[in-house]
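So for the first sequence, my numbering puts the first residue at 151; every next one is plus one.
Data first, discussion second: the structure below is written as structure tokens.
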Amino acid sequence: MKNILHNLNPEQLSAVTLPVKSALILAGAGSGKTRVLTTRIAWLIQTGQLHSSAILAVTFTNKASKEMITRLEDMLPVNIRSMWIGTFHGLCNRLLRSHHIDAGLAANFQILDSNDQLSAVKRLLKSLNIDDENYSPRDLRSFINSCKEQGLRAADINVNHSYNQKFIELYKLYDQQCKSEGVIDFAELLLRTYEILVHNQSLREYYQSRFQHILVDEFQDTNNLQYKWLKLISSCSGTVFAVGDDDQSIYAFRGANVGNMKTFEREFLVEKVIKLEKNYRSYGHILSSANTLIANNTKRLGKNLHTDAGLGELIKVYESTNDLQEGKWIVEETKSLIRKGINLSEIAILYRSNAQSRVIEHALFSAGIMYHVYGGQRYFERAEIKHAIAYLQLIENPHNNTAFLRVVNFPKRGIGIRALERLQNIAKEHNISLYSAIPKMTGKSLTMLRVFFKLIEEGCSKAKHLPLPEIVMSVLDMSSLIKYYQGEKEGTDRIENLEQLVNAATLFLAEENLEASTPATLIPKYQPKNVISLSNSKASPQIVENDSLPLTEIMSPLSAFLSYASLESGNGQEINGKDALQLMTVHSAKGLEFDTVFITGLEEGLFPHENSKNEDAGMEEERRLMYVAITRAKVRLYMSFSQNRMLHGQVRHNVRSRFFNELPEDSLEWSLPKSQQYTQLSNEFSNNKYVPKNTVHKIGWYIGENVFHLKFGEGVIINIEGTSINARARINFVKYGVKLLDLNVAKLEKVH
DNA sequence: GCCGGGCTAATTTTT
DNA sequence: TTAGCCCGGC
151 MKNILHNLNP
161 EQLSAVTLPV
171 KSALILAGAG
181 SGKTRVLTTR
191 IAWLIQTGQL
201 HSSAILAVTF
211 TNKASKEMIT
221 RLEDMLPVNI
231 RSMWIGTFHG
241 LCNRLLRSHH
251 IDAGLAANFQ
261 ILDSNDQLSA
271 VKRLLKSLNI
281 DDENYSPRDL
291 RSFINSCKEQ
301 GLRAADINVN
311 HSYNQKFIEL
321 YKLYDQQCKS
331 EGVIDFAELL
341 LRTYEILVHN
351 QSLREYYQSR
361 FQHILVDEFQ
371 DTNNLQYKWL
381 KLISSCSGTV
391 FAVGDDDQSI
401 YAFRGANVGN
411 MKTFEREFLV
421 EKVIKLEKNY
431 RSYGHILSSA
441 NTLIANNTKR
451 LGKNLHTDAG
461 LGELIKVYES
471 TNDLQEGKWI
481 VEETKSLIRK
491 GINLSEIAIL
501 YRSNAQSRVI
511 EHALFSAGIM
521 YHVYGGQRYF
531 ERAEIKHAIA
541 YLQLIENPHN
551 NTAFLRVVNF
561 PKRGIGIRAL
571 ERLQNIAKEH
581 NISLYSAIPK
591 MTGKSLTMLR
601 VFFKLIEEGC
611 SKAKHLPLPE
621 IVMSVLDMSS
631 LIKYYQGEKE
641 GTDRIENLEQ
651 LVNAATLFLA
661 EENLEASTPA
671 TLIPKYQPKN
681 VISLSNSKAS
691 PQIVENDSLP
701 LTEIMSPLSA
711 FLSYASLESG
721 NGQEINGKDA
731 LQLMTVHSAK
741 GLEFDTVFIT
751 GLEEGLFPHE
761 NSKNEDAGME
771 EERRLMYVAI
781 TRAKVRLYMS
791 FSQNRMLHGQ
801 VRHNVRSRFF
811 NELPEDSLEW
821 SLPKSQQYTQ
831 LSNEFSNNKY
841 VPKNTVHKIG
851 WYIGENVFHL
861 KFGEGVIINI
871 EGTSINARAR
881 INFVKYGVKL
891 LDLNVAKLEK
901 VH
């Protein structure tokens, strides 16, 4: 038997070997969090405390769950399959497929990704003739999602606001629309699962007794529904082992609630919180910067990272006049790093928002330095792939109107908007899907629509006999998608992508361990009677066995593949053999580490971002984001800011980020001596082409200065026009935006 | 049905 | 600046 516990530090060891009770592990950046999580699972199984089927491990991303599976396979000789490891969404998908009848869903329900959801919402609004900017599709979508993430149905929401009233009504109609089309959105996967567990006692008790230990990764990212879900499924015999880092909570904007950690500690009666504070990633200066910075946050559970590695290099801070210069500086530093023998792929350039990559890319491109920008389009989100998937969805479920509208006239079949409007009216009138409405159409568009109808119909019958990869192949052919792109100027890449889809299907089947030739079969697996009888301890072998089947066994391979495609957007950029510089937002850097990290654009308004500066919570999240950025670096850390930056088509004057004041002086190495900073600053301003040279002294105000106005509050001078008596300042006020004020009239105060 | 001009708004992102 | 959206003209 492998000694899986060797080389664990005392804190890690105590976390790994905790008794099977609810526990909270505060795992700092680079403290071996994943290791603890996987080793604990292995330890529980190896010591015979739990059967592998009693374990549920939940992550947020597919990447994280894959990583966990890989590591476990390395540690354990047993079959990982019997364990439930996956993302919240993936696990809920599995549960809903197994219990689709209880959930009131068709066996082959399809999953809307957020774009699909948006078009579904748009279609709903259109069908109701709502063209009011107060009810924009995007707002409605986020309203619906945030309701679902709170566990609220339209009927549950208090009607006390006229604005709400309409949204609630629309939310209800949206759910009806989804139901009749046989589709569900991401949030619905979770909510629906939660609801069937609440409403179906035998089902609930079955899973409650089955999962005795539930391990949750990145607990700080859970939203309220996920928390409720965990609480429900773990009550009775279950316990939750939560691992997270409140200091790395950077997803509040999409519903994550850090407060869940404190609530968890209280409600799950956690006796002792274990902190993993030993960092195995970064050198001392980097770590103390992170510690000092994050100490400025008030709402923390408390944690301080330390390392055995020495202090290492100082953090290099660079101040530039403008963003172009910042780009050049990155190029120069990169070149010198290359000379030191550092691989480009070990260097990351981080920024707060995607728009900032442009200037940097330009500089790198001109210098001939290879780079790779993360966050591009993912494989399954590419237009051509979405088209192919839509055909596949229609074959599996022709009533999916979102898929229908996506491809009914793509490639062109001469089916225009007029025809579709009529079709939609017929469908609405008879309360049927667009597909079913086709035979009821009249006029010449009927002919065209019939062609499409036949196409789908033939696809359906073919799908019954062919193995998955061949279904995909035949769809590419019969849809004429390939033919269409052959006629396009830049279609080669798209054709390549489409052909990749066949490989993706083959690969998917292989991973699901299934013979490619198995025909689609659907066996009802869940027998409520059995479950009731086993509510005490051991689950019947039959049910355990069913629970561990690959998805392709409980639904058609095509259906399984489609859900995989929706839930796994596909690492758009994963295989990248080239040695290239890594460019990404700070958000997407979370969980990664690099030898060298550049944090760029450290300016007030950018990082921390303007929109977050007003409330405390927003500011603290920005600080955590900065903390995440810093802790990505192993050996070398660079930070830069620029006095001027092109933003929204305008040159903006920025002040360096407040975060610099929150870092330890001793760990920083300014590229200009600190004493010269402010002298330098005013020189730069007076040399600036936007300011007449001598205005600084004559007027007594300078660009970039923080000011306070009685009515408008705080702001920054972004430009000064005219001189002496005519002098006016363009001031960017935090709350009121840009105003032009006469400096001789306006009562401005300096803010220090 | 398609193209182009004008307008507007402008973080962060996984499933 | 630029991407996305809407509208009008062909």
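We put the beta carbon where it would ideally sit given N, CA and C, even for glycine.
Since the model is a prediction, treat every value here as computed from it, not as a measurement.
Requested in this report: For the beta strand (DSSP E) containing Y501, list its first residue and its last residue.
Outcome: By one-based count along the first sequence, residue 501 stands at place 351. Residues 497 to 501.
Query raised in the report: What first and last residue would you give for the alpha helix (DSSP H) that runs through H435?
Result: Residue numbering aside, residue 435 sits at position 285 when the first sequence is read from its first letter. Element bounds for H435: 434 to 444.
Query raised in the report: Counting Cβ pairs closer than 8 Å, one from the segment 766 to 776 and one from the segment 391 to 403, do we hit at least three?
Result: yes
Report task. Could you tell me the boundaries of the beta strand (DSSP E) in which W820 lies? Result -> Position 670 of the first sequence, counting from 1, holds the residue named residue 820. Start and end: 818 to 820.
Query raised in the report: For G525, which of K490, G593, V736, L200 has the nearest alpha-carbon?
Result: Within the first sequence, numbered from 1, the residue matching residue 525 stands at position 375. The candidate whose alpha carbon is nearest that of G525 is V736.
Report task. Within 10 angstroms of the Cβ of N833, are there 16 or more other Cβ atoms? Answer buried if so, exposed if not. Result -> Against the first sequence, residue 833 aligns to sequence position 683. For N833, the predicted structure reports a pLDDT of 41, less than 50, and the residue's modelled location is therefore unreliable. The matter cannot be settled from this model.
**Report entry** Length of the line joining the Cα atoms of A392 and V785
**Finding:** Walking along the first sequence from the start, residue 392 turns up at place 242. Walking along the first sequence from the start, residue 785 turns up at place 635. C-alpha separation (whole angstroms): 30 Å.
Query raised in the report: Would L274 pass as a contact of Y324 if the rule is Cβ separation under 8 Å?
Result: Here residue 274 refers to the residue found at position 124 when the first sequence is read from its first residue. Here residue 324 refers to the residue found at position 174 when the first sequence is read from its first residue. Yes.
Query - N- and C-terminal bounds of the beta strand (DSSP E) containing V390 - result: Along the first sequence, read from residue 1 onward, the residue named residue 390 stands at position 240. Unbroken beta strand (DSSP E) run through V390: 389 to 394.
Requested in this report: Can you say whether A798 is buried or exposed, counting buried as having 16 or more other CB atoms within 10 angstroms of its CB?
Outcome: Counting from 1 along the first sequence, the entry for residue 798 is found at position 648. Looking at the sequence provided, one finds His at residue 798 rather than Ala. Exposed, because fewer than 16 other Cβ atoms sit within 10 Å of the Cβ of H798.
Query raised in the report: Taking just the CA atoms, how far does L241 sit from I235?
Result: Position 85 of the first sequence, counting from 1, holds the residue named residue 235. Position 91 of the first sequence, counting from 1, holds the residue named residue 241. If you take the alpha carbons of I235 and L241, they lie about 8 Å apart.
Query - Cβ distance (whole Å) where S172 is taken to contact T389 below 8 Å - result: In the first sequence, residue 172 corresponds to position 22, counting from 1. In the first sequence, residue 389 corresponds to position 239, counting from 1. Rounded, the Cβ-Cβ distance is 5 Å, consistent with contact.
Report task. Identify, in the order they occur along the chain, each residue of the same chain with its Cβ nearer than 7 Å to the Cβ of G178, setting aside the five sequence neighbours on each side. Result -> As a position in the first sequence, residue 178 is number 28, starting the count at 1. If we look at G178 and ignore the five residues flanking it on each side, its Cβ neighbours are D395, L426, E427, N429, K453, L455.
Query raised in the report: In angstroms, rounded to a whole number, what distance separates the CA positions of A569 and D282?
Result: Working through the first sequence from its first residue, we reach residue 569 at position 419. Working through the first sequence from its first residue, we reach residue 282 at position 132. Looking at the two C-alpha atoms, the distance is approximately 25 Å.
Query raised in the report: When we look at the beta-carbon of T237 and count the other beta-carbons within 10 Å, is it buried (16 or more) or exposed?
Result: Here residue 237 corresponds to residue number 87 of the first sequence, with the count starting at 1. When all chains shown are included, T237 counts as buried.
Query - Within the segment 482 to 551, ranges of the beta strand (DSSP E) (whole runs, at least 3 residues) - result: 497 to 501, 521 to 523
Query raised in the report: To the nearest whole angstrom, what separates the beta carbons of T188 and M225, a pair I think is in contact under 8 Å?
Result: For the purposes of this step, residue 188 is taken as residue 38 along the first sequence, with counting starting at 1. For the purposes of this step, residue 225 is taken as residue 75 along the first sequence, with counting starting at 1. Indeed, because the Cβ distance is near 7 Å, the residues count as touching under 8 Å.
**Report entry** Bounding residues of the alpha helix (DSSP H) (the contiguous stretch that carries F711)
**Finding:** Taking the first residue of the first sequence as 1, we reach residue 711 at position 561. Note, F711: alpha helix (DSSP H), 707 to 717.
Query - Short Cβ contact (8 Å threshold) for I539 with R247 - result: Along the first sequence, one-based indexing puts residue 539 at 389. Along the first sequence, one-based indexing puts residue 247 at 97. Result no, Cβ atoms of I539 and R247 do not sit closer than 8 Å.
Requested in this report: Have a look at S716, L341, V523, E661 and flag the residue whose alpha-carbon is nearest the alpha-carbon of Q543.
Outcome: Start at 1 with the first residue of the first sequence, and residue 543 comes out as number 393. That would be S716, whose Cα lies nearest to the Cα of Q543.
Query raised in the report: Which partner residues of S790 appear in the DSSP bridge assignment?
Result: Residue numbering aside, residue 790 sits at position 640 when the first sequence is read from its first letter. DSSP lists Y468 as partners of S790.
Report task. Return helix, strand or coil for F757, following the three-state DSSP convention. Result -> Here the question's residue 757 lines up with position 607 in the first sequence. The answer is coil: DSSP assigns F757 none of H, G, I, E or B.
Query - From P287, L443, I154, I364, residue whose alpha carbon lies closest to that of E815 - result: The residue given as residue 815 occupies position 665 in the first sequence. Of P287, L443, I154, I364, the residue nearest in Cα terms is L443.
Query raised in the report: Taking the C-alpha atoms as reference points, what is the distance between V747 and I645?
Result: Taking the first sequence and counting its residues from 1, one reaches residue 747 at position 597. Taking the first sequence and counting its residues from 1, one reaches residue 645 at position 495. Near 37 Å, if we compare the C-alpha coordinates of I645 and V747.
Query raised in the report: What is the DSSP secondary structure of M734, counted as helix, strand or coil?
Result: Here residue 734 corresponds to residue number 584 of the first sequence, with the count starting at 1. Reduced to three states, the DSSP call for M734 is strand.
Query raised in the report: Who are the Cβ neighbours of F210 in its own chain at under 8 Å, not counting the five residues just before and after it?
Result: The count along the first sequence starts at 1 and reaches residue 210 at position 60. Excluding sequence neighbours, F210 sits near T237, F238, D367, E368, D371.
Query - Sub-8 Å separation of L659 and T702 beta-carbons - result: Counting from one through the first sequence, the residue named residue 659 turns up at place 509. Counting from one through the first sequence, the residue named residue 702 turns up at place 552. Yes.
Query raised in the report: Is it a yes or a no for the segment 502 to 520 touching the segment 585 to 599, going by three-plus beta-carbon pairs under 8 Å?
Result: no
Report task. Measure the alpha-carbon distance for L494 versus S821 and round it to whole angstroms. Result -> Along the first sequence, one-based indexing puts residue 494 at 344. Along the first sequence, one-based indexing puts residue 821 at 671. Between L494 and S821, the C-alpha separation is close to 23 Å.
**Report entry** Simplified DSSP assignment, three categories, for K784
**Finding:** Taking the first sequence and counting its residues from 1, one reaches residue 784 at position 634. DSSP places K784 in strand when its eight states are reduced to three.
**Report entry** Pairwise C-alpha distance: S203 and Q800
**Finding:** If you number the first sequence from 1, residue 800 lands on position 650. If you number the first sequence from 1, residue 203 lands on position 53. Distance between the alpha carbons of Q800 and S203: 59 Å.
Query - Cβ-based burial, D729 [other Cβ within 10 Å; buried from 16] - result: For the purposes of this step, residue 729 is identified with residue 579 of the first sequence, where counting begins at 1. Classification of D729: exposed, given that the 10 Å Cβ count is below 16.
Query raised in the report: Hey, quick one: how far does the beta strand (DSSP E) through V857 stretch, first residue to last?
Result: As a working mapping, residue 857 is identified with position 707 in the first sequence. Element bounds for V857: 856 to 859.
Report task. Starting from the C-beta of S949, find all residues in its chain whose C-beta is less than 7 Å away, skip the five residues before and the five after it, and write them out in chain order. Result -> For residue 949 there is no data in the structure shown, the boundaries of the chain being 151 and 902.
**Report entry** Test item: CB-CB of R795 and E753 under 8 Å
**Finding:** For the purposes of this step, residue 795 is taken as the residue at position 645 of the first sequence. For the purposes of this step, residue 753 is taken as the residue at position 603 of the first sequence. Contact flag set, yes.
Requested in this report: Just grab the DSSP bridge partners of R795 for me.
Outcome: Counting from one through the first sequence, the residue named residue 795 turns up at place 645. Answer is R802.
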